[in-house]
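If you want our numbering, it's the 1-based position in the sequence shown plus 1.
We treat Cβ as the ideally placed atom computed from N, Cα and C, and that holds for glycine.
Nothing here was measured: the structure is a model prediction, and the numbers come from that model.
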Amino acid sequence: MKKLLLESHCIFPSLDILKTANYYEKIMGFIAVPYMESKEPHICLYRDATEIILTNSNGKEVVPNRILYGYGYDAYFITDNQEVLQEEYNNSGVKIVRSLSNTDYSNKEFVIEDIDGRWIAFGKKTKQQ
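Have a look at this one:
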């Protein structure tokens with residue numbers, strides 16, 4: 002059967018998309034491509050096979066999922082090299098809120114907090130359910 006879903010992109014509203022894009026580019030190793038003159042201004046952030054789309058929150062506060070709902074990440078990126086990425090982020094000053102560990106839901110992951118307070122996990126299933 003043909004795969005129907007191929008990829009996914011996170012969409013992150015931000016109070017200051019230029020400041021957020023700069024953080025992702027300078028600190029987290031993404032490449033920022035701005036589309037600020039488009040009908041709906043945004044900035045695309047690329048790293049490897051991952052894309053994040055920053056949009057303007059129009060003055061509304063960004064409220065992370067863990068604050069809105071009591072738990073949960075704002076994004077989850079699958080990676081095979083969690084140790085290498087965690088070390089890179091640790092060395093570049095990214096705030097690591099949960100160090101690399103095995104979860105009770107069979108993932109090996111670590112979690113960072115971005116400049117807007119979002120919690121983003123980087124991990125992968127360690128065994129099939």
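{"Query": "Expected contact under 8 Å - CB spacing of F78 and I44 to nearest Å", "Result": "With a Cβ gap of about 18 Å, F78 and I44 do not count as contacting."}
{"Query": "Heavy atom of the ligand FMN within 8 Å of T56 beta-carbon", "Result": "For the ligand FMN, the structure offers nothing, since it holds no ligand at all."}
{"Query": "Contact under 9 Å by Cβ, D117 with L46", "Result": "no"}
{"Query": "Buried versus exposed, by CB contacts within 10 Å (16 or more), L86", "Result": "buried"}
{"Query": "Residues near G94 in its chain [Cβ-Cβ closer than 8 Å; skip 5 each side]", "Result": "I28"}
{"Query": "Pairwise C-alpha distance: K126 and E89", "Result": "21 Å"}
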